[in-house]
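A quick write-up on the structure given underneath.
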Amino acid sequence: MDWLKARYSNYKMMKSAEVLKNKEMKFRNWFLVVLLFLAAGMNAQIKNPVKFKFTINDLGNNQYEAVLNATMESGWHIYSKDLPEDTGIPTEYKVSGKNIELIGKFTEV
Numbered sequence: 009m010d011w012l013k014a015r016y017s018n019y020k021m022m023k024s025a026e027v028l029k030n031k032e033m034k035f036r037n038w039f040l041v042v043l044l045f046l047a048a049g050m051n052a053q054i055k056n057p058v059k060f061k062f063t064i065n066d067l068g069n070n071q072y073e074a075v076l077n078a079t080m081e082s083g084w085h086i087y088s089k090d091l092p093e094d095t096g097i098p099t100e101y102k103v104s105g106k107n108i109e110l111i112g113k114f115t116e117v
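In our numbering, the protein residues as written are 9 to 117.
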């Protein structure tokens, strides 16, 4: 009979350890799921911190002036097109399209 008690006692310890392990796994899994949902809702940066407004003015004689106005969120900036070397990445302007020819240079205000 002693061997039966020892075996039953060993079984109870193994079963309680297994239950504890299952509870730990469930807690860990739920914790990770909640953490993922919380992290998914966070945004590291503003999606579009710079808004552009583009207008075209007719100068006559088949010439037009294109005006690009950039408005930035507080704390954001863009670099000038004319920067000293090794100070940053200058802003680039590219003009393309059918029947478009660039006359003159870009002017920053």
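Heads up, the beta-carbon is just placed ideally off N, CA and C, and yes, glycines get one too. Note that the coordinates shown come from a computational prediction; the quantities given were computed from them, not determined experimentally.
Helix, strand or coil at residue i according to DSSP, with G and I counted as helix
| i | result |
| --- | --- |
| residue 61 | strand |
| residue 50 | coil |
| residue 117 | coil |
| residue 42 | helix |
Proximity of residue i and residue j at Cβ, strictly below 7 Å
| i | j | result |
| --- | --- | --- |
| residue 58 | residue 78 | yes |
| residue 62 | residue 76 | yes |
| residue 111 | residue 99 | no |
Counterpart residues of residue i in DSSP-defined beta bridges
| i | result |
| --- | --- |
| residue 77 | 61 |
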